[in-house]
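Counting in the UniProt record's numbering, the sequence shown runs from 1 upward without gaps. I have placed the structure first, in the form of structure tokens, so that the comments after it can refer back to it.
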Amino acid sequence: CWLEGPLEQPDDPRGEKLTKCPMFFVSISGAYDHPTRIDVPANEQRVSVAGTETGVMDANDLPRANMCIATGRLWIGFGRWAPSPDVRSVQQWVERELLGTKYRGEINPMGNGTLAEDDNCTVDEIEIWKVGLA
């Protein structure tokens with residue numbers, strides 16, 4: 001996922017901070033034959049970061065992860081019943097219509113695909129880069 005914006009925790013350790021910023025997903029390998037950009041609808045380009053004593057809330061008001069990107073399309077530090085202490089535990093999905101015709105992965109019964117091996121998985125590594133001007 002490419003984000004053009006800060007990842008900032010809320011001032012309240014039991015709160016959540018929502019930041020709107022331009023973003024898109026990138027599939028490096030597996031889901032497509034070549035590296036592919038997947039755009040996120042403009043009105044859903046936002047990041048929620050949880051405070052140190054809670055998690056980002058899902059649609060049912062349950063804490064699920066440490067960070068939520070693109071209105072739930074990517075959850076980092078994801079857990080079924082509470083946020084995982086392992087940030088490599090993720091949930092990731094994208095709606096079929098955003099994936100395009102060259103998507104080679106499976107579509108689940110809800111009409112979503114994933115850029116990962118599975119929509120709920122532990123990734124091998126996460127890279128965070130910050131690019132700035134000198």
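Glycine residues also receive a C-beta, built at the ideal position from the N, C-alpha and C atoms.
{"Item": "Under the three-state reduction of DSSP, which class applies to residue 50: helix, strand or coil?", "Value": "strand"}
{"Item": "Count the other C-beta atoms from every protein chain shown that fall within 10 angstroms of the C-beta of residue 83, then say buried if there are 16 or more, exposed otherwise.", "Value": "buried"}
{"Item": "Would residue 12 and residue 55 be called neighbours here (beta carbons separated by less than 8 Å)?", "Value": "no"}
{"Item": "Check whether the Cβ atoms of residue 45 and residue 10 lie closer than 8 Å to each other.", "Value": "no"}
{"Item": "Does the distance from the CB of residue 78 to the CB of residue 64 come in under 8 Å?", "Value": "yes"}
{"Item": "So, for residue 122: in the same chain, excluding its five sequence neighbours on each side, which residues have a beta-carbon less than 8 Å away from its beta-carbon?", "Value": "86, 88, 89, 90"}
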